[in-house]
Amino acid sequence: MSAVSTPNPSPVLKRESPWRRNLLEFLSSKTAVFGLVIATLLILAAILAPWISPQNPYDLLQIDVLDARLAPGTMNGLNTFHYWLGTDGQGRDLLSGILYGLRISLMVGVGSALIAGVIGTLLGLLAAYAGGKVDALIMRLVDLILSFPSILVAMMILAYLGKGVGNVVLTLVILEWAYYARTARGQALVERRREYVEAARCLDIPNWRIMLKHILPNCLPPLIVIGTLQIARAITLEATLSFLGLGVPVTEPSLGLLISNGFQYMLSGEYWISFYPGIALLVTIVAINLVGDRLRDVLNPRTHK
C-alpha cells in the first residue's frame with residue numbers, strides 16, 4: 001500500500017502593520033526626511049537654548065550697550081569670534097536671541113495646535129455622533145469662524161486682551177479649533193456607519209466610549225496631518241502679530257518680534273538684525289510644512305487602495 005502524501009501547508013503571510021507601512025513610505029521621501037531632521041534639530045536647539053546659547057540675551061548683567069549693532073563675526077580681544085551673527089540694537093547676542101526666540105515661537109505654535117486639536121476633535125466627534133441641533137450649532141459656529149480673515153480676528157482679540165504668550169495661545173486656539181472640528185466631523189460621519197459601531201451599540205456600550213475608543217482612533221490620520229500643518233500656520237500667524245506689535249511682549253520675544261526690532265535698521269545697513277531671525281523663521285516653517293505635506297500623502301487612504 002502506498003503512503004498517502006499530505007500537501008505541505010502554505011506559509012502564513014504576516015500582514016504588515018499599517019503604522020510600519022506608513023513609516024517606511026514616509027522615510028522613502030528624501031525631502032520629508034530632510035524636513036524632519038531640520039525640524040528635530042530646531043526643536044532640540046530651542047529646548048537646549050539656556051545651555052548652548054553664548055549668553056542669556058535677557059540678563060542685563062551679560063549685556064553691554066556698547067556692543068550694539070556689531071556685525072556678524074566680530075572678534076574679541078583674543079582674536080576669536082565673539083558674536084557669530086552679530087548683535088541687535090541693544091547689544092544682545094543675536095544667535096542667543098534667535099535660540100530663545102525659537103523657544104517662544106515653537107511653544108506658541110505647538111501649544112496652540114495641541115489645545116485646539118483636543119477641543120476641535122471632541123466638538124467634531126460630538127457633532128457627528130449627536131447630529132440634529134447639536135451638529136447644526138457646532139458647524140454653524142465653525143462656518144462663522146472660518147468666514148473671517150484669521151489675522152483680522154486675531155488683531156481684534158489681542159487688541160482687547162493685550163500682549164502676552166498666554167493671550168496669543170488663546171487667540172490661536174480660537175482661530176484653529178474649527179479646522180479640527182470640521183475634519184473630525186467628516187471622518188466620524190463615515191465611521192459611525194461602520195458595522196463595528198453598530199455592534200458596539202448593540203452591546204449597550206456608552207456613547208462616549210464608542211466615540212473615544214472606537215471612532216476616534218480611526219479619525220486620527222487626517223487629524224495628525226491637520227495638526228502638523230496648523231503648527232506651521234500658528235507660528236506664521238504669531239510672527240505676523242508680533243511683527244505688528246500685538247503678539248508676545250518685549251520680555252519674551254519670539255522670532256517675529258526679533259524681526260520687528262531690527263526692521264528699523266534695514267536702511268542703515270545693519271541688515272543682520274532682521275535677516276537672520278527671518279531665515280530662522282523661514283527654515284522652521286518650511287521644515288514643518290515638508291513633514292506635513294508628506295504625512296498628508298502617506299496617511300491618505302486613497303493611496304493604499
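For the record, in the sequence shown the residue sitting at position 54 is 54 according to UniProt numbering, with numbers rising by one throughout. We treat Cβ as the ideally placed atom computed from N, Cα and C, and that holds for glycine. Quantities reported herein were computed from a predicted structural model and do not represent experimental measurements.
Per-residue DSSP class, three states only, for Y58 | coil
Ranges of the beta strand (DSSP E) found wholly within the segment 21 to 48, counting only runs of at least 3 = none
In whole angstroms, what separates the C-alpha of T228 from that of L114?
-> 10 Å
A239 to M211, Cα distance in whole Å?
-> 36 Å
If we count the other Cβ atoms within 10 Å of its Cβ and call it buried at 16 or more, is A202 buried or exposed?
-> A small correction: the amino acid at residue 202 is Cys; Ala does not occupy that position in the sequence shown. Flag for C202 reads exposed.
Do you know how far the Cα of L137 is from the Cα of L175?
-> 17 Å
For T251, which three-state DSSP category applies?
-> coil
Residue of A49, V108, A127, L220 minimising C-alpha distance to L241 | V108
Does the segment 264 to 274 touch the segment 151 to 158, meaning 3 or more C-beta pairs lie closer than 8 Å?
-> no
Please go through the same chain and pick out, in chain order, the residues whose beta-carbon is closer than 7 Å to the beta-carbon of A39, but skip the five residues on each side of it.
-> A287, I288, V291
Using three-state DSSP, classify Y83 as helix, strand or coil.
-> strand
Of all the options Y265, L223, A200, which has the alpha carbon lying nearest to the alpha carbon of K213?
-> A200
Nearest to residue 321 (by Cα), restricted to the options G164, N167, G117 | An answer regarding residue 321 cannot be provided, because it is not within the stretch 1 to 305 covered by the chain.
For T80, which residues from the same chain have a beta carbon less than 7 Å from its beta carbon, with the 5 sequence-adjacent residues on both sides left out?
-> With a pLDDT of 49 at T80, under the threshold of 50, the modelled position of this residue cannot be trusted, and the question is left open.
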